[in-house]
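Engineer: The structure follows.
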Amino acid sequence: MNLKPVNQRLISLDVFRGITIALMILVNSPGNATPYYWLEHSAWNGCTLADLVFPFFIVIVGISSVLALTNLKAMSASTPRLLEKVIQRSGYIFLMGLLLNVIPHFDLSTLRILGVLQRIAICYFFSALLFLTTRIQTQAIIMLVLLFGYGCLMTYTPFILDGNLVGTIDRLVFGAAHLYTPTFDPEGLLSTLPAIASVLLGNLIGFGLTSSRTNKQKLQWISAASLMLVFIGWILDFTLPINKALWSSSYVLLTGGIALLVFSILYFFIEIKHWIRWSKPFALLGRHAMLVYMLHVLFLKIQGIIFMHNSEGATVNFRVYLTEVLFSHFTPENAALCYAVSYTLLWLLVIKGFEKWQKQYRSFN
Numbered sequence: 001m002n003l004k005p006v007n008q009r010l011i012s013l014d015v016f017r018g019i020t021i022a023l024m025i026l027v028n029s030p031g032n033a034t035p036y037y038w039l040e041h042s043a044w045n046g047c048t049l050a051d052l053v054f055p056f057f058i059v060i061v062g063i064s065s066v067l068a069l070t071n072l073k074a075m076s077a078s079t080p081r082l083l084e085k086v087i088q089r090s091g092y093i094f095l096m097g098l099l100l101n102v103i104p105h106f107d108l109s110t111l112r113i114l115g116v117l118q119r120i121a122i123c124y125f126f127s128a129l130l131f132l133t134t135r136i137q138t139q140a141i142i143m144l145v146l147l148f149g150y151g152c153l154m155t156y157t158p159f160i161l162d163g164n165l166v167g168t169i170d171r172l173v174f175g176a177a178h179l180y181t182p183t184f185d186p187e188g189l190l191s192t193l194p195a196i197a198s199v200l201l202g203n204l205i206g207f208g209l210t211s212s213r214t215n216k217q218k219l220q221w222i223s224a225a226s227l228m229l230v231f232i233g234w235i236l237d238f239t240l241p242i243n244k245a246l247w248s249s250s251y252v253l254l255t256g257g258i259a260l261l262v263f264s265i266l267y268f269f270i271e272i273k274h275w276i277r278w279s280k281p282f283a284l285l286g287r288h289a290m291l292v293y294m295l296h297v298l299f300l301k302i303q304g305i306i307f308m309h310n311s312e313g314a315t316v317n318f319r320v321y322l323t324e325v326l327f328s329h330f331t332p333e334n335a336a337l338c339y340a341v342s343y344t345l346l347w348l349l350v351i352k353g354f355e356k357w358q359k360q361y362r363s364f365n
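Sequential numbering from 1 applies to the sequence shown in this note's numbering.
Okay, structure coming up:
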């Protein structure tokens with residue numbers, strides 16, 4: 001199959017990324033400890049709306065890296081030069097993740113090594129490396145081997161929070177003091193392998209988008225793949241539970257299928273029907289997703305170390321205090337949601353101002 005560069009940004013992909021980052025902020029920033037259950041991660045097995053966010057982003061990373069690298073290769077960029085850029089970008093994202101982990105309390109003895117950005121960095125690295133050095137058929141085989149091999153490991157080892165193989169390996173490699181909890185890290189080393197399978201699914205979709213097929217043919221292919229993955233993931237759940245914390249193979253298939261289903265809907269409305277106006281706020285967030293992620297986490301951490309006395313005299317952090325002041329007449333669940341929505345809209349306004357400043361700055365240079 002001949003690859004052709006995508007000369008313009010794929011708006012539907014920006015919108016998908018923007019919707020994902022908006023949902024991520026909603027999940028990360030409830031105004032109190034009683035959010036709606038669907039905005040919380042599953043306690044163990046299962047899949048809520050919150051559990052879709054991270055795999056969506058990983059799939060998007062795979063699609064984006066293929067589109068970007070295809071365009072760069074079309075401009076005669078050499079593979080060694082592209083690999084150098086990939087290593088630099090991966091290292092930068094990983095270091096940003098470490099930086100967020102040391103805020104607000106810098107202590108190397110308890111520094112969490114892994115995390116969300118670290119997993120994104122690792123997945124991006126392998127997505128780009130394999131795209132640049134192997135055929136797409138090889139990438140598909142690697143994805144299937146990772147899913148099958150990891151599925152076998154999880155089938156024949158304890159599938160419990162305390163005592164699973166993922167946590168055991170992380171404690172051996174990093175030590176309990178450097179994990180998210182003393183016994184387990186949801187972005188663990190071993191569970192990053194199936195996450196690489198998620199990003200390779202994105203590679204396959206990105207490869208299809210750079211083909212010579214028409215937009216309608218691409219839509220049909222993505223839609224069919226999405227339904228097939230959802231069905232297989234659902235069937236596999238009966239023997240290998242869907243589990244976000246372990247990133248189980250059934251979880252990869254189900255969430256990957258849902259990701260493709262959402263993307264296919266956006267692709268239909270934006271790339272085929274050209275209904276774009278409604279999507280501009282999400283496209284804005286999508287163009288600056290990494291910046292939005294880092295800033296919203298940073299300010300959540302700052303809110304967490306500022307304490308105030310509420311109307312009842314209790315000491316609460318600044319986020320809870322604001323929620324109680326602004327949404328005191330709401331039920332706790334609605335107050336938590338209203339704060340999260342307000343916080344998301346705040347970052348939309350910030351990024352809109354940032355992009356406006358960015359354009360003005362470039363016009364003077």
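All C-beta atoms in this analysis are idealised placements derived from N, C-alpha and C, irrespective of residue type, glycine included.
#1: So, under 8 Å CB-CB, P194 and V145 are touching, yes? Tell me the CB distance rounded to an integer number of Å.
#2: Could you name the residues of the same chain whose beta carbon sits closer than 7 Å to that of I305, not counting the 5 residues immediately before and after it, in chain order?
#3: Could you give the distance in angstroms between the alpha-carbon of A121 and the alpha-carbon of S64?
#4: Between the segment 219 to 238 and the segment 248 to 267, are three or more C-beta pairs nearer than 8 Å?
#5: Which of the three DSSP states, helix, strand or coil, is assigned to T344?
#6: Identify which residue in G208, K218, R171, F148 has its Cα closest to the Cα of V197.
#7: List, from N- to C-terminal side, the alpha helix (DSSP H) runs of 4 residues or more that fit wholly inside the segment 318 to 343.
#8: Let's see if you can read the secondary structure: which residues bound the beta strand (DSSP E) around M308?
#9: On the CB-based measure, 16 or more other CB atoms within 10 Å of its CB, does N215 come out buried or exposed?
#10: Are three or more beta carbon pairs between the segment 18 to 38 and the segment 48 to 57 nearer than 8 Å?
#11: Give a yes or no on contact between the segment 274 to 288 and the segment 67 to 84, applying the rule of three or more CB pairs nearer than 8 Å.
#12: Answer yes or no: do S191 and L132 have a C-beta to C-beta separation smaller than 8 Å?
#13: On the DSSP letters alone, give me the boundaries of the alpha helix (DSSP H) that T133 sits inside.
#14: In angstroms with no decimal places, state the Cα-to-Cα distance between A283 and T157.
#15: With 16 as the cutoff for other CB atoms within 10 Å, does D107 come out buried or exposed?
#16: Under 8 Å: do the segment 232 to 244 and the segment 90 to 101 share three or more Cβ pairs, one atom per stretch?
#17: Assuming P194 is part of the alpha helix (DSSP H), what are its boundary residues?
#18: In this structure, how does DSSP classify L229 when only helix, strand and coil are distinguished?
#19: Within 10 angstroms of the Cβ of T255, are there 16 or more other Cβ atoms? Answer buried if so, exposed if not.
#20: Does any residue of chain B have a CB that is nearer than 8 Å to the CB of I351?
#21: Looking at H41 and T34, is the spacing between their C-beta atoms short of 8 Å?
#22: Tell me the residue span of the alpha helix (DSSP H) that contains F282.
#23: Which partner residues does V316 have in the DSSP bridge list?
#24: Applying the criterion that 16 or more other CB atoms from any shown protein chain within 10 Å of the CB defines a buried residue, is A289 buried or exposed?
#25: Taking the straight line between their C-alpha atoms, what separation do you get for I302 and I265?
#26: List the whole-angstrom C-beta distance separating A335 from T323, where the pair is believed to meet the contact cut-off of C-beta under 8 Å.
Structural biologist: In short:
#1: Translated into the one-based positions of the sequence shown, residue 194 becomes position 194. Translated into the one-based positions of the sequence shown, residue 145 becomes position 145. So it is not a contact: roughly 11 Å between Cβ atoms.
#2: Indexing the sequence shown from 1 puts residue 305 at position 305. Only P104 meet the Cβ criterion.
#3: Position 121 of the sequence shown holds residue 121. Position 64 of the sequence shown holds residue 64. C-alpha separation (whole angstroms): 13 Å.
#4: Flag = yes, the segment 219 to 238 and the segment 248 to 267 touch.
#5: Against the sequence shown, residue 344 aligns to sequence position 344. Helix, per DSSP.
#6: As a first step, residue 197 must be located in the sequence shown, where it is residue number 197. For clarity, residue 197 is Ala in the given sequence; the question names Val instead. Measuring from the Cα of A197, the nearest candidate turns out to be F148.
#7: Segments of the alpha helix (DSSP H) lying fully in the segment 318 to 343: 318 to 326.
#8: For the purposes of this step, residue 308 is taken as residue 308 along the sequence shown, with counting starting at 1. M308 -> beta strand (DSSP E) spans 307 to 309.
#9: By 1-based counting over the sequence shown, the position of residue 215 is 215. N215 should be labelled exposed.
#10: yes
#11: Judged by pairs of C-beta atoms under 8 Å, the segment 274 to 288 does not touch the segment 67 to 84, as fewer than three such pairs exist.
#12: What you label residue 191 is simply residue 191 of the sequence shown in a count that begins at 1. What you label residue 132 is simply residue 132 of the sequence shown in a count that begins at 1. No, the Cβ-Cβ distance between S191 and L132 is not below 8 Å.
#13: In the sequence shown, counting from the first residue as 1, residue 133 sits at position 133. 116 to 133 is the span of the alpha helix (DSSP H), which, as asked, contains T133.
#14: Reading the sequence shown from its first residue, position 283 is the one you call residue 283. Reading the sequence shown from its first residue, position 157 is the one you call residue 157. Taking the straight line joining both Cα atoms gives about 42 Å.
#15: Counting from 1 along the sequence shown, the entry for residue 107 is found at position 107. Flag for D107 reads exposed.
#16: no
#17: Residue numbering aside, residue 194 sits at position 194 when the sequence shown is read from its first letter. Where P194 is concerned, the enclosing alpha helix (DSSP H) stretches over 192 to 209.
#18: Here residue 229 refers to the residue found at position 229 of the sequence shown. Assignment of L229 by DSSP, reduced to helix, strand and coil, places it in the helix class.
#19: Locating residue 255 in the sequence shown gives position 255, counting from the first residue. By the 10 Å Cβ count, T255 comes out buried.
#20: No chain B is present in this structure, which holds just one protein chain.
#21: Here residue 34 refers to the residue found at position 34 when the sequence shown is read from its first residue. Here residue 41 refers to the residue found at position 41 when the sequence shown is read from its first residue. No, the Cβ-Cβ distance between T34 and H41 is not below 8 Å.
#22: In the sequence shown, counting from the first residue as 1, residue 282 sits at position 282. Note, F282: alpha helix (DSSP H), 280 to 287.
#23: The count along the sequence shown starts at 1 and reaches residue 316 at position 316. BP columns for V316 point to M308.
#24: In the sequence shown, counting from the first residue as 1, residue 289 sits at position 289. A289 comes out buried.
#25: Locating residue 302 in the sequence shown gives position 302, where the first residue counts as 1. Locating residue 265 in the sequence shown gives position 265, where the first residue counts as 1. Each residue's Cα considered, the two are about 37 Å apart.
#26: For this step, residue 335 is matched to residue 335 along the sequence shown. For this step, residue 323 is matched to residue 323 along the sequence shown. Contact holds; Cβ gap of about 5 Å.
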